[in-house]
C-alpha cells in the first residue's frame with residue numbers, strides 16, 4: 162500500500178466531518194446573534210475557521226510520539242502564561258486574556274491541551290498510581306493550573322481539568338476504589354472550596370438552585386439563565402427559520418454572551434429541536450471516533466492523549482449545554498468548535514488534529530505492555 166493510500170485509509174474522515182459540521186453550525190448561531198444585536202462577528206469567525214482548518218492539518222504532520230519529549234516544557238510555558246496574564250489589564254473584572262492586537266490570547270485554552278500532553282507523558286509506564294499515595298503527584302499536577310485559572314477567575318475552565326484527570330487515570334489503570342475514595346474526599350472539601358470562591362462564582366451556583374419558571378424576570382445571574390431558557394423556547398420545534406414562536410418584544414431575544422457562552426441557545430432558537438439534536442449528534446460522532454482511535458493503538462502516550470482530548474471536549478460540551486437549560490451553574494465556558502472566539506477554536510482544532518495524528522501513526526511498542534493493569538481486579 163503506497164503512502165497516499167495508507168493516509169486515506171487511516172484518516173478518520175467522520176471525525177473531521179463532525180468537527181467541520183460543528184464549526185458550520187456555530188457560524189449559523191453567531192450569524193443569528195449578529196442579526197439580533199447588530200454586530201458583525203460572523204465574518205470574524207469565518208476568518209478564525211480559515212485558520213483553524215490549517216491548524217488541524219498542521220497538528221497531523223509531526224508524529225505525535227515526538228511530542229512527548231516536549232510535553233513537560235510546553236506545560237511549564239503554559240503555566241508561565243497563566244501567571245503572566247495577571248499582569249495584563251482586567252476585562253470585566255477578569256484576568257483571562259493577553260492582548261496581541263489582532264488577537265486576545267486566552268492562556269487557559271492552551272493550558273488544557275499542554276496539561277493533557279504532560280499528564281500522558283507522566284502516566285505512560287508508571288505503576289505508582291496503582292497505590293493511593295501514587296495519585297498525589299497527578300493531583301498536584303492538576304491543581305496548579307486549576308488554582309491559577311480559578312484566580313482569574315474562570316470557574317468553567319477550571320472544572321474541566323478534574324474530569325480529564327479521572328478519565329486518564331482510569332484509562333491508565335488506576336484502581337477504581339481509589340478514584341471513588343478521592344471523589345468522596347473531594348465532596349468533603351466542598352465547604353472549603355465554597356469559602357474560597359468569589360462572590361460572583363457563589364452567585365452562579367446559588368442561581369442554579371433558585372431558578373424558577375414564570376413569575377417576574379430575575380436579575381443578576383438569574384437573568385442570564387432566564388433569558389437562555391426563553392430563547393430556547395422561542396425556537397420551538399422548527400426554529401425561527403421555519404416559523405418558530407416569534408414575539409414582537411425585542412427584549413425577549415436579548416441574550417448576554419449569546420455568541421460565546423450561550424451559543425447553544427441561539428442555535429436552538431434558529432433551528433429548533435432538530436438543530437439541537439444535530440449538534441449533539443455531531444458531538445457524539447466526534448467523541449465516538451476519538452475513543453475508537455484511542456482503542457486502536459497500544460502505544461500508551463497516544464492512547465492517553467486521545468482519552469484526555471475526548472474527556473476535555475466532552476466535559477466542556479456537557480457543562481456548556483447543561484448550563485443553558487439550567488442543569489449546571491453558569492460558568493462562562495464556551496462550546497467547543499461552536500462558540501465565537503479565536504483562542505478556543507484554534508486550540509480545539511489542534512486537539513482534533515492530534516486525534517487524527519494518532520490515527521495516522523498508531524504505533525506499537527513491543528518492549529512494554531501499556532495498560533497492563535486493566536485486567537487486574539480492582
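In the working numbering, the protein residues as written are 162 to 539.
Beta carbons: idealized from backbone N, C-alpha and C, even for Gly.
Keep in mind the model is a prediction, meaning the values are calculated, not measured.
6 angstroms Cβ shell around residue 267 - same chain, five flanking residues per side excluded: Taken in chain order, the residues that qualify are 257, 258 and 504.
Coarse secondary structure for residue 480, derived from DSSP in three states: In this structure, residue 480 counts as helix in the three-state DSSP scheme.
Selected residue, minimal CA-CA separation from residue 284, among 479, 482, 210 and 463: 463
Within 7 angstroms, strictly: CB atoms of residue 197 and residue 414: yes
Candidates 264, 444 and 206: closest to residue 178 by CA position: Closest option to residue 178, judged by alpha-carbon separation, among 264, 444 and 206: 444.
Sequence-distant residues of the same chain with beta carbon closer than 8 angstroms to residue 279, five excluded per side: 232, 233, 235, 236 and 302
Residue 332 - containing alpha helix (DSSP H), residue span: 316 to 333
Close Cβ partners of residue 175 (< 8 angstroms) along its chain, the five nearest in sequence each way excluded: 446 and 450
Candidates 436, 218, 170 and 172, of which the one nearest residue 398 by Cα: 436
Integer Cβ distance of residue 226 from residue 522, believed to fall under 8 angstroms: 7 angstroms
Sub-7 angstroms separation of residue 294 and residue 514 beta-carbons: It is not a contact, given that the beta carbons lie outside the stated cut-off.
Top-ranked residue by Cα proximity to residue 300, from 276, 311 and 251: Scanning 276, 311 and 251 for the CA closest to the CA of residue 300 turns up 276.
Inter-stretch contact (C-beta, 8 angstroms, three-pair minimum) for the region 477 to 491 and the region 243 to 251: no
C-alpha gap between residue 243 and residue 274, whole angstroms: 13 angstroms
Residue 187 versus residue 467: straight-line alpha-carbon distance, rounded: 24 angstroms
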